[in-house]
Amino acid sequence: MKTSRFFTALLATALIGWATVPPTFAANKSKILLPTEQELTADLADVQKMADGDVKTALINELQTSLDLLQLIQTQQKNNEDLYDVLAHADSEIKKNNADLLAFKKQLEQSKSVDYQAQNLADLQATLSKLNVQQQETQTALSKANTQLAGQSSVSERAQTSLTENLKRTQEINQQLADSNLTKTLRQKNQIELKLIDLKNAYNQDLLKNSDQLTLLYQSRYDLLNARLQLLQQQIVALQEVINQKNLAQTQNQVEQVQQQQQNSAKNVYIQKELARNAELSQYLLQQTEKTNILTQDDLRMRNVFDSLTQTQHTIEEQISALQGTLVLSRIIQQQKQKLPTNLNIQGLSKQIADLRVQIFDITQKRNELYDLDAYIAKVESDEGEKFTHAEKTQLVNLLTERRKMASDLIKSLNNQLNLAISLELTQQQITQISDQIQSKLEQQSFWVRSNNPINLDWFAELPRAFMAQVDGILKKIGLPTNYSNLPYLLMYCLGLFIIGGAIFKFKDRIKQRLSKINGEINRLKYDNQWNTPQALLLTAFLTLSGTLWFLAICQMLGFFFMKNPTEFWDWSFSMAGYWWFFTFWLSLFRPNGIFVRHFEFSQQSAVRFQSVIKRIVVAVVLLLNTSVFSNVTDYGLANDVIGQVNTIVSLLFCIIIIAPRFKNVLRSYEDEKKSHNHIIVKIVQFGLQIIPVGLVILVALGYYYTALNLIQHLINSYIAWCVWWLIRQVIYRGITVSSRRLAHRRLEEKLRQKQAGFNDGSTSDDVVVLNEKEEGLALNEVRSQLLRFADLFIWTALFGIFYYVWSDLVTVASYLREVTLWQQTTTTEAGTVMESITLFNLLVALVIVGITYVLVRNISGILEVLIFSRIKLSQGTPYTITTLLTYVLVAVGGAWAFATLGMSWSKLQWLFAALSVGLGFGMQEIFANFVSGIILLFERPIRVGDTVTINGVTGTVAKIRIRAITMIDPDRKEVIVPNKSFVTGQVTNWALSNTITRLVISVGVAYNSDLELVKRLLLQAAHELPSVLKEPEPRALFLNFGASTLDHELRVYVGQVSERNDTLDLLNRRVNQLFKENNIDIAFNQLDIFIKNKDTGEEIPFINMEKLTKTN
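Numbered according to the numbering used here, the sequence shown spans residues 486 to 1598.
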């Protein structure tokens, strides 16, 4: 830190030196007279008379810029003069502010409500209005002073940045001024800009040199205004208290007058009742006056809170803007978090407002009846059946007049309450909104800003000192109690915990016997039911409760007797007791004869292995939960929590080295037992156990300790939520399994009864369909599968909902990424051309969109198969077409959405795509032709996956339809790649486009003199005997031709599927040959007789000399 300050001071000195020693031309610029505003205005008027052209436009722009720069010079001169005046009177103002501050503090100590008792109510109301105006003015001035004070924390950085930019700009202007060809107007503009830069440099130099003095001045102003605001608030409260007392005194006087009237009243019974009603109304008026006073005080308090929060919000924004990304900002954020008010809301205001409106309406109606007293008295005489004397009427008129006045006062009081309640509700809403905004802002900044120094050599050097400081802070927290007034209540509370825990421990054997009985009923058809597992879980949780209660009682006693502030220790003990109960309950489920073994069909070996890993997880979780326990023992909290940092790193290394390998081995052995591998959730868990601890260690090492703690807490909560969810899921699955078994049992009993009834009857009904056992088993399994799928829908939805609830508070943290700008671009809207910023949040959203698109494209076929194709019967090739088209749509939508998130809308990309389309259309014409042909094939569907087609003499089955080509499998099982264009422009034979029926033709020739009718009958017989030959269209046998040596016949038959052609042809040929042999039908073939003759004699020469052959033998 010292080194960085040294370099900062060195850089500031260098910049000041550079700014005060400009180049040669700049040194002489003070001798150059700058043009006045009148001269530039006259020059501008002359230029506007010139002919239109580029020269005129350039001159106008240069002159207008010069005029604007002159305005800026005047403003900067005023700022410099104001700063000079402030610095000249700073010392005297600081002394005066300190003196006034002491005076205000004395007034704060001496101010009392007695000072206003002598004034009447009207003067008090006027004084209150004046004080409210002064309070608003002081609040505004205090906000301004706070802004100035917050700006001083970053004045050096801002001044250095401005000096650096001015130096760079000065060099550029001097280079331009060195050009002898520079125009007069442009030279004037540059000279004016140099003058402005000089003024800015002087201003920034004064800020840097007098930074400490300005800080003291602004701090004195802030302290003075803050004290004045406190004094005004105290005076307003005191003044309002006096006003409330006077209003209450007036109401009490009215009550006393009514009571006096009641004592001096006549003996008329009705008048006595009316006087009693007046007395009740006066008491009610007194109560409402007291409520009005309470609401007035609440309104003052809430307005002060609102003003304080508004000022805090402005201060935080100023500090974040000035100290972005620094370690100081992290400490400021932690302090502001502790200062935020909590539990300020007044409950029941909405109901109170509604009740007040009803009361005002009712009382107003009753008061309006009292304006015509003669009619009212006449109605009373009619209702009561008696006549009043003149004296009684006079007394009754006075009584009713007094009631009307009290009703008016009551309505006024209720209206005042209504206005105060409405104002309070609106103020509360504003307070809640601002408080949420501040909390969200602080969470964002604290999550993304380093809370600690990074772990480096300096950190290790400071470790012993920081460790001892934290130990000293811990020892200071330990001490004996000073107030024993709550000890009896604490002893009774702890004794109750011990008694409840002891009672549970006493009945431990009975609970275990009940558990053993439930476990014995598991998987026994007669006794097992869906409620056995929930009962066992409740009993197991009840068994583990005794140790939790004893732990809590001991911690409560230790906190009282050995901690100076036992409240913090008690809060910690409640939290730890909850975790204790959960983990002891979770471990008990994995006992060798526990619920996981007996109810969820885990093997004892797997349960023991899981229990061993969970014990180690519990150790790591307990260490991580108590990481930041000692962070509040020092003044800087988490910033110096070296014990917590070391504990966090050790716990995470324990997870990496010990837990992750063991858990991986346990999962692998469990998968081997269940014979299920490569489950996506298991992979995610394994990957998370290996990567997440490493990432958290890196965060702690880089100084993002608070961020790591936040993520650790959310991960632990997610783990607990997942355990509870998984347990509920297993209970639901087991309930469905038990229901399926009982359903199967009932089906079996019904089947046995039907069989017995069948034996008695001896016959079965023709309209009863009897299922075999295999079909019935399949039906029951289908019902179970449907129930499980239906349950999974709600179970997984609940899991996502739980995870969203756990991580929802970090959703606002992600909005911080909107402030990290990557680049900017211009966008044309209805309002004109605006600058649009592309942030890191946009980039992450685009990456998420791309990731989701990739996952959907990779798994869309399986998702559609499970959700749609398995439930709906579609024609051949339709699922593949739907999947392919939907893949294209997902890629197009996901890509367009991702590009739009990054600011690359279609309006900006369409010209690029148009140019690429033209260029690529010429360069890759065939590829684009094949792509378009593929789209045509997918929409028109002349061929589908699974169709048998013939193209270019090649016959095969379509296997894939891709963007560029189609893959076919020929009869030799070879893959043939054919471009899509060939299927669109060429001739293609689809054997199963609209109909899979095809014709087979068998040609056969029989010998002359064969029985033609018999031949025809035998051919048709062979066709009718084969089941693959269709009856419609019917087979035909035709005598077509007289051959050279045969009578040519054809057998024409039809088959239903293309795949049956070769098998049917083979069977037909075999059967025809067999039938012809059995019926002595010769299948004729061409014969050639060879005769060898002597050319001279014409005598036939035998091929074999039989005489010679006989003699030889």
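For glycine and all other residues, C-beta sits at the position ideal for the given N, C-alpha and C.
Owing to the predicted nature of the structure, the values given are computational and were not obtained by experimental measurement.
Asked                                                                                                                                                                                                       : Found
From the DSSP output, in three-state form, read off residue 1582 for me.                                                                                                                                    : coil
With DSSP run on the structure shown, which of helix, strand or coil describes residue 1533?                                                                                                                : strand
Out of 937, 1007, 787, state which residue places its alpha-carbon closest to the alpha-carbon of residue 1193.                                                                                             : 937
Tell me the rounded alpha-carbon separation between residue 1544 and residue 1340.                                                                                                                          : 36 angstroms
Does the stretch 901 to 915 come close enough to the stretch 773 to 786 to have 3 or more Cβ pairs within less than 8 angstroms?                                                                            : yes
Please check the pair residue 1560 and residue 1507, which I expect to be a contact at CB under 8 angstroms, by giving their CB distance rounded to whole angstroms.                                        : 6 angstroms
Quick check: the stretch 997 to 1004 against the stretch 1209 to 1221, are at least 3 beta-carbon pairs closer than 8 angstroms?                                                                            : no
Enumerate in chain order the residues of its own chain whose CB-to-CB distance from residue 1244 is below 7 angstroms, with the five nearest sequence positions on each side excluded.                      : Summary for residue 1244: the model assigns pLDDT 43, below 50, so the residue's position carries little reliability, and this model does not support an answer.
Going along the chain, which residues of its own chain have a beta-carbon closer than 7 angstroms to the beta-carbon of residue 1262, five neighbours each way excluded?                                    : Because residue 1262 sits at a pLDDT of 45, beneath the cut-off of 50, its placement in the model cannot be relied upon, and the point is left open.
Using a Cβ cut-off of 8 angstroms (strictly closer), state whether residue 675 contacts chain D.                                                                                                            : Although the question refers to chain D, the structure presented lacks it and comprises just one protein chain.
DSSP state of residue 1320, grouped into three classes?                                                                                                                                                     : strand
What is the rounded straight-line gap between the Cα of residue 787 and the Cα of residue 615?                                                                                                              : 20 angstroms
With burial defined as no fewer than 16 other Cβ atoms inside 10 Å of the residue's Cβ, what is the status of residue 577: buried or exposed?                                                               : exposed
Applying the 10 Å Cβ sphere with the 16-neighbour rule, what's the burial state of residue 1471?                                                                                                            : exposed
I'd like the span of the alpha helix (DSSP H) that includes residue 1101, first residue to last.                                                                                                            : 1089 to 1110
Grouping DSSP H, G and I as helix and E and B as strand, with all else coil, what is residue 1517?                                                                                                          : coil
I'd like to know whether the C-beta atoms of residue 1037 and residue 1058 end up nearer to each other than 8 angstroms.                                                                                    : yes
One question on the structure: do residue 1481 and residue 1546 come within less than 8 angstroms of each other, judged by their Cβ atoms?                                                                  : no
Please go through the same chain and pick out, in chain order, the residues whose beta-carbon is closer than 8 angstroms to the beta-carbon of residue 1280, but skip the five residues on each side of it. : 1210, 1213, 1214, 1217
For residue 1071, count neighbouring Cβ atoms within 10 angstroms of its own Cβ and tell me buried if that reaches 16, exposed if not.                                                                      : buried
Can you find at least 3 beta carbon pairs, one from the stretch 1367 to 1387 and one from the stretch 1327 to 1340, that sit closer than 8 angstroms?                                                       : yes
Within the chosen definition, does the stretch 1489 to 1503 reach the stretch 1530 to 1540 through at least 3 CB pairs nearer than 8 angstroms?                                                             : yes
Would you tell me roughly how many angstroms separate the C-alpha atoms of residue 722 and residue 913, rounded to the nearest one?                                                                         : 19 angstroms
Once you ignore the five residues that flank residue 1582 on each side, which residues in its own chain have a CB closer than 8 angstroms to its CB?                                                        : none
So, for residue 1188: in the same chain, excluding its five sequence neighbours on each side, which residues have a beta-carbon less than 8 angstroms away from its beta-carbon?                            : 812, 935, 936, 937, 938, 939, 940
So what does DSSP say about residue 1008, is it helix, strand or coil?                                                                                                                                      : coil
Ends of the alpha helix (DSSP H) at residue 532?                                                                                                                                                            : 522 to 533
On the three-pair Cβ rule with 8 angstroms, is the stretch 1150 to 1158 touching the stretch 971 to 990?                                                                                                    : no
Based on Cα-Cα distance, which residue from 1494, 1552, 1522 lies nearest to residue 1510?                                                                                                                  : 1552
Out of 1200, 1093, 696, 1180, point me to the one whose CA is closest to residue 1110's CA.                                                                                                                 : 1200
Going by CA-CA distance only, name the one from 552, 959, 685 that's closest to residue 645.                                                                                                                : 685
Report the three-state DSSP secondary structure of residue 833 (helix, strand or coil).                                                                                                                     : coil
If you pair each beta-carbon of the stretch 1040 to 1049 with each one of the stretch 1012 to 1027, do three or more pairs fall below 8 angstroms?                                                          : no
Leaving out five residues before and five after residue 1246 in sequence, what residues of the same chain have Cβ atoms less than 6 angstroms from its Cβ?                                                  : In this prediction, residue 1246 scores a pLDDT of 44, lower than 50, which makes its location untrustworthy; no coordinate-derived value is stated.
Is the beta carbon of residue 640 sitting closer than 8 angstroms to the one on residue 696?                                                                                                                : yes
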